[in-house]
Structures are given as structure tokens and as C-alpha cells.
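To keep things clear, I will list the structure first and then write my remarks on it.
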Amino acid sequence: MLRIIVAHSENVDTACTLEDLLSQCRHQLDGQTPGAAILFSALQINESELLSGLYEAFPDMSLIGCTTDGELSSQGGFKEDSVSLTLFVSDTITFSAGLGREISKGHEKACQQALSQAGFVQGGETKLCITTPESTTTSGQQLLEALKKSLGNTIPVAGGVSADYWQFKGTRQYCGTEVVSDALPVLLFSGPIIASFGVASGWKPVGEPGIVTRSTGNLVHEINGEPAINYYQRFLGKHAQPTGDRPLAFLGDDDEVVGLRAPAGSVDNNGGVPFFADVPQGSRIQLTVANRDDIIDGSRTSIQNALANYPEGMRPDAGLFFSCSGRKYILGSRVSEEESIIREELPGIPFTGFYGYGEIGQTVGDAQGARFHNETFVSVLIGSENTPSAAHTPIPRPQAKSQTVPTYEELKQQNAILQARLSRSEIHRKLLEETKDQTDILSLVSGCLKNDCL
């Protein structure tokens, strides 16, 4: 048996958030005891106080989590400046958590530390690893490779890296009651658990493939023996810049897309292009494009692939979803459609997820196993081996609270949330202005070229 309890609170006061989450959980638990938890949180909450309160209520659970760029769940829908808590209850599946510290000083050591604390044993019963590591202090790609190696390269890994609403000043991770940075939390699932995965983005390759002939970490110096920017400008025009809406695709042996890398939006003095994650030298790549409809279709494809990979005749008990803050930024006012698609494809199944700075997931038949992705939607469906297929009762969408005269404290809460949204909208406005500047320059240059004025 596996039960998933989801609670979601939109408060900025820690005490109110704790009270709200506990009330929602106790209403659903029916006296059962959770064995594990995943917490996704907004930045302004006092996480130490919140975690202490949660452990006072549920002292025997193993918990991990992180700060995000937005949360989504079956209980609260898509939210920003909120906190979501997912509890796992089972009488057959066991859970354990561990924390690796100072990942920027050594990936392998941090991975071994996390797995040791979680009680991991090679050849044991562990079937799945979920992780929510730091994103701003180290290479997510290299960290993932070290984690896979420490797990013996046989146990599926999924998750997303933490975020801080496009501030890039530092994120936070949770393990137990600890709030840390530069860390690797892991949650291990052992016993009769089923997990299936879907990975898709919606971006489509255009132009001719290329080879990364020189790179250092996340900086691509050359593609096809030329400055990396030349590859972009060959297909997009000589004044084109590498923006996040035009990621590079990694190509597999059959030229299928196996992952994306989003450029950071700048070019160095030698024509090199930095990306939000490593681009290994020798990679076969191709430029990609997408509109918002394509991106939404990618979300649906990811979920459908995870469903197709789930054992026939069985039903998942829950969904975990890891999407990209870049997708959220590009989708804009349509970002909530990702959450709507989850409800359409998985009626009656509880789910949770968040928007981060990178996603971890794998596809069936990929010999490399889990990959580190950008601008991708990763779906993870989990359940117990003894859960047969059954009809589902759709989970209703969260309803707006009844209109009553707010108290002074409630008004303070609402004002704080609005202030946070205003601050975030200013960040996005500046990003949009920069994008518009690039578009205006390209339009002007294109017009001048047509009229022979350059």
C-alpha cells in the first residue's frame, strides 16, 4: 500500500503556514503515520521554524526539499510564494533521507555522505532516488554523474535543482529539520515500489546538427571548429544572440533529442556561449525552436510517456513533476496550463512538483540513465506493486475562499504576498525589456538589409 497526502498553503507567515499545512494533512491522514515527506517552499518563510513544527507533529518521517521558482500540486494548483508538503504513507515501502554537504568542494564525497546517512547499501532493496540539490554553486551535470556512480548506475534518479525566483543569489535545501545551502538531499524509496518516467520539452530541432569541438564546463568555445556564436548566427542571422528560448538539443545515436541546454544569454569576447549546465566536448547538438503551444504539448507528451511506461493493469498512486523556471518564464500567463494537463491526464491521482533551475530524469532505453536537463518537463509516476488498476475520482480544483471581511492579520498576509509578486514582476519586466531590445535590433537590421542601407 502507498498513500500520498498533499497539502498546499499560500501564506507568508510561518506560523499560519504550519497551522494550515498540518490541518490539511491531518484531515487526509485518517490517523496514519507518514514515513516520508517532500517540502517545496517560497523564499520568505522561516524554514527552520516550519520544519521544527512539522517534525513535532510527524517525528518519524524522512524529509527533503528545497526553495523553488513556483510550486504546483493537486491540492493547490499552480502557486508562487507558497509552500507545498507531500507526505508518503506505506506499510510495505520504506523511506530514508540523507544529506551531502559542501557539494562545491567535492561531488563524490557529498554523494557518499548523503547515501551513507540514508543507509544505502549496494545490492539492497532501493528502487528510486529523488533529489533536490543546490543549483548555483556547482555543476548539476557533474553532481548527477557522481550520484549515479555512487548508486551503482542501476537505480533511477529523478528530481530538480533548487531555485530562488531568478535572483541567482543562492538557494536552500532541506533534510530533516536542517536548512542548508550548497547541499545534496536525497530521498530513497525501497521495497515493492513501481516508478515510471517521462521526459519531454516541446522544442523541435531546426537547421543542421553540429559538433561541440571545444568546451569547458558550461562554456562552449567552438562548434564545428568555429566560435560557438557563429553556429547560432548561421541559422538565425548575423545579429542573432543565444537566448533561452532557443536551446541546443543533445542528439542521440539516431539523431533523436535526448536533452536540452539553455544558453545564459551572453557571448564572451571570443564568441563563446555559456549555458546553464555543462555541454561536454564532442557532443552532437542542434538548434531548437518552440512556441508556447509546443511547450505545452511537451508537458502532455512527458506525462503520456510516463503513463505508457507504467505496468499494464496497474495504476500509479501519485505523480511527481519537475519543470523548468525557463519554461515558466516563456509560458508566462499560460504556465498554469501545465498543472491543468496533469489533471486531465491523471484524473484522481494526487501530485506535487516545482519549477527549478534544472531537471533530472530518464527515458526508457537510454543507456546513460538519468540526464540533467534544461527547459524540460520531467514526469515521475509512482505506486505500489500491489495496487491494481481502478477507476479514479477526479480531484476537484482548489476553490477560492468565500468572501468574508478579512482580519488585520489576513490583510497583512495579502499585502506581503502582493509585494512579493510585484518584486518578481519587476524582474520579469526587465527580462522582457531585454528580449524586446534584441528583437528591435534584429528587426531594424533586417529592414536595413532589405533596403540596402547597411
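Start counting the sequence shown at -12; every next residue gets the next number (this note's numbering). Where a beta carbon is used, it is the ideal one built from N, C-alpha and C, also for glycine.
Problem set entry | Neighbour-count burial assignment, GLY10, 16 or more Cβ in a 10 Å radius | Here residue 10 refers to the residue found at position 23 when the sequence shown is read from its first residue. Before going further, note that residue 10 is Ser rather than Gly in the sequence given. Burial call: exposed.
Exercise. Is the number of C-beta pairs between the stretch 191 to 207 and the stretch 310 to 320 that are closer than 8 Å three or more?
Worked result: no
For this session: Put LYS135 into one of helix, strand or coil per three-state DSSP.
Result: Counted from its first residue, the sequence shown places residue 135 at position 148. Three-state result, LYS135: helix.
Exercise. How big is the Cα-Cα spacing for ALA357 and VAL186?
Worked result: Counted from its first residue, the sequence shown places residue 357 at position 370. Counted from its first residue, the sequence shown places residue 186 at position 199. So the two alpha carbons sit approximately 10 Å from each other.
For this session: Could you check the C-alpha separation between TYR218 and TRP190 for me, to the nearest Å?
Result: Counting from 1 along the sequence shown, the entry for residue 218 is found at position 231. Counting from 1 along the sequence shown, the entry for residue 190 is found at position 203. TYR218 and TRP190: Cα-Cα distance of roughly 18 Å.
Problem set entry | Buried versus exposed call for PHE155 [16 or more other C-beta atoms within 10 Å across all chains shown] | For the purposes of this step, residue 155 is identified with residue 168 of the sequence shown, where counting begins at 1. With fewer than 16 other beta carbons inside 10 angstroms of its own, PHE155 counts as exposed.
Exercise. DSSP state of GLY87, grouped into three classes?
Worked result: To locate residue 87, count along the sequence shown from 1; it is residue 100. Judged by DSSP in its simplified three-state form, GLY87 adopts strand.
Exercise. DSSP beta-bridge partners for VAL276?
Worked result: By 1-based counting over the sequence shown, the position of residue 276 is 289. Paired residues: LYS191.
Problem set entry | Entirely enclosed beta strand (DSSP E) segments - the stretch 327 to 369, minimum 3 residues | Annotation: the stretch 327 to 369 contains the following complete segments of the beta strand (DSSP E) (minimum length 3 residues), in chain order: 338 to 343, 346 to 348, 358 to 360.
Exercise. Are the Cβ atoms of GLY306 and LEU235 separated by less than 7 Å?
Worked result: One-based indexing of the sequence shown puts residue 306 at position 319. One-based indexing of the sequence shown puts residue 235 at position 248. Taking 7 Å as the Cβ cut-off, GLY306 and LEU235 do not qualify as a contacting pair.
Problem set entry | Bounding residues of the alpha helix (DSSP H) (the contiguous stretch that carries THR164) | For the purposes of this step, residue 164 is taken as the residue at position 177 of the sequence shown. For THR164, there is no enclosing alpha helix (DSSP H), as DSSP gives it neither H nor E.
Exercise. Does the distance from the CB of LYS102 to the CB of SER149 come in under 7 Å?
Worked result: Reading the sequence shown from its first residue, position 115 is the one you call residue 102. Reading the sequence shown from its first residue, position 162 is the one you call residue 149. One detail in the question is off: residue 102 reads as Leu in this sequence, not Lys. Not in contact: LEU102 and SER149 (Cβ atoms no closer than 7 Å).
Exercise. Would you call the CB atoms of THR79 and PRO179 closer than 7 Å?
Worked result: Here residue 79 refers to the residue found at position 92 of the sequence shown. Here residue 179 refers to the residue found at position 192 of the sequence shown. Yes, the pair counts as a contact, with Cβ atoms nearer than the cut-off.
For this session: Could you work out which residue in VAL322, GLU372, ARG(-10), VAL(-7) is closest to GLU362 when comparing CA atoms only?
Result: Residue numbering aside, residue 362 sits at position 375 when the sequence shown is read from its first letter. Ranked by how close their Cα comes to the Cα of GLU362, the residues VAL322, GLU372, ARG(-10), VAL(-7) have VAL322 in first place.
For this session: Would you mind stating whether LEU72 and LEU8 have Cβ atoms separated by less than 7 Å?
Result: Taking the first residue of the sequence shown as position 1, residue 72 is located at position 85. Taking the first residue of the sequence shown as position 1, residue 8 is located at position 21. Yes, Cβ-Cβ distance for LEU72 and LEU8 is below 7 Å.
For this session: State the start and end residues of the unbroken beta strand (DSSP E) segment that holds SER60.
Result: As a first step, residue 60 must be located in the sequence shown, where it is residue number 73. For SER60, the enclosing beta strand (DSSP E) covers residues 58 to 60.
Problem set entry | Outcome for SER366 when other beta-carbon atoms lying within 10 angstroms are tallied against a minimum of 16 | Residue numbering aside, residue 366 sits at position 379 when the sequence shown is read from its first letter. SER366 comes out buried.
Problem set entry | Cutoff 7 Å; reference TYR342; Cβ partners in own chain excluding five residues on either side | One-based indexing of the sequence shown puts residue 342 at position 355. Correct list, in chain order: THR55, ASP56, GLY57, ALA150, SER310, CYS311, SER312, LYS315.
Exercise. Would DSSP call GLU325 helix, strand or coil?
Worked result: Residue mapping note: residue 325 aligns to position 338 of the sequence shown, counting from 1. Three-state result, GLU325: helix.
Exercise. At a cut of 8 Å, does the stretch 61 to 72 reach the stretch 99 to 118 through at least three beta carbon pairs?
Worked result: Flag = no, the stretch 61 to 72 and the stretch 99 to 118 do not touch.
Exercise. Looking at LEU131 and PHE359, is the spacing between their C-beta atoms short of 7 Å?
Worked result: Looking up residue 359 in the sequence shown gives position 372. Looking up residue 131 in the sequence shown gives position 144. Their beta carbons are under 7 Å apart, which means PHE359 touches LEU131 by this criterion.
For this session: Please classify ARG201: does DSSP put it in a helix, a strand, or coil?
Result: Taking the first residue of the sequence shown as position 1, residue 201 is located at position 214. Strand at ARG201.
Exercise. Using CA coordinates, which residue listed in GLN355, LEU41, LEU59 is at the minimum distance from GLY246?
Worked result: In the sequence shown, counting from the first residue as 1, residue 246 sits at position 259. Nearest of GLN355, LEU41, LEU59 to GLY246, Cα basis: GLN355.
Exercise. Can HIS14 and SER60 be called in contact, C-beta distance under 7 Å?
Worked result: In the sequence shown, counting from the first residue as 1, residue 14 sits at position 27. In the sequence shown, counting from the first residue as 1, residue 60 sits at position 73. No.
Problem set entry | Collapsed DSSP secondary structure at ARG159 in the structure displayed | Position 172 of the sequence shown, counting from 1, holds the residue named residue 159. In this structure, ARG159 counts as coil in the three-state DSSP scheme.
Exercise. To the nearest angstrom, how far is it from the Cα of ALA145 to the Cα of ASN256?
Worked result: Sequence index remark: in the sequence shown, residue 145 carries index 158 (1-based). Sequence index remark: in the sequence shown, residue 256 carries index 269 (1-based). ALA145 and ASN256: Cα-Cα distance of roughly 37 Å.
Exercise. Whose CA, out of TYR297, VAL244, ALA2, CYS116, lies closest to the CA of ILE51?
Worked result: As a working note, residue 51 is residue 64 in the sequence shown. Measuring from the Cα of ILE51, the nearest candidate turns out to be CYS116.
Problem set entry | Distance CB(SER83)-CB(SER49) smaller than 7 Å | As a position in the sequence shown, residue 83 is number 96, starting the count at 1. As a position in the sequence shown, residue 49 is number 62, starting the count at 1. Taking 7 Å as the Cβ cut-off, SER83 and SER49 qualify as a contacting pair.
Exercise. Going along the chain, which unbroken runs of the alpha helix (DSSP H) with 4 or more residues stay wholly within the stretch 243 to 320?
Worked result: Runs of the alpha helix (DSSP H) lying entirely within the stretch 243 to 320, each at least 4 residues long, are 279 to 296, 312 to 318 in chain order.
Exercise. In whole angstroms, what is the alpha-carbon distance linking PRO196 and VAL254?
Worked result: By 1-based counting over the sequence shown, the position of residue 196 is 209. By 1-based counting over the sequence shown, the position of residue 254 is 267. In this structure, the CA atom of PRO196 is about 20 Å from the CA atom of VAL254.
Exercise. In chain order, what residues of the same chain have a beta carbon less than 6 Å from the beta carbon of GLU(-3), not counting five sequence neighbours either side?
Worked result: Here residue -3 refers to the residue found at position 10 when the sequence shown is read from its first residue. Result list for GLU(-3): LYS66, SER69, in chain order.
Exercise. In whole angstroms, what is the alpha-carbon distance linking LEU134 and VAL173?
Worked result: Translated into the one-based positions of the sequence shown, residue 134 becomes position 147. Translated into the one-based positions of the sequence shown, residue 173 becomes position 186. Cα to Cα, LEU134 sits roughly 10 Å from VAL173.
Exercise. Under a Cβ-count criterion, where at least 16 other Cβ atoms within 10 Å of its own Cβ denotes burial, should GLU112 be classed as buried or exposed?
Worked result: Numbered from its first residue, the sequence shown carries residue 112 at position 125. Answer is exposed; the Cβ neighbour count stays below 16.
Exercise. Closest to GLU243 by CA distance: which of HIS226, ALA251, ILE216, ILE272 is it?
Worked result: By one-based count along the sequence shown, residue 243 stands at place 256. The option with the nearest alpha carbon to GLU243 is ILE272.
Exercise. Candidates GLY231, PHE237, SER188: which alpha carbon is nearest ILE529's?
Worked result: Here the chain covers residues -12 to 441 and nothing more, so residue 529 does not appear.
For this session: For ILE80, name the three-state secondary structure that DSSP assigns.
Result: The sequence position of residue 80 within the sequence shown is 93, counting from 1. Here ILE80 sits in coil by DSSP.
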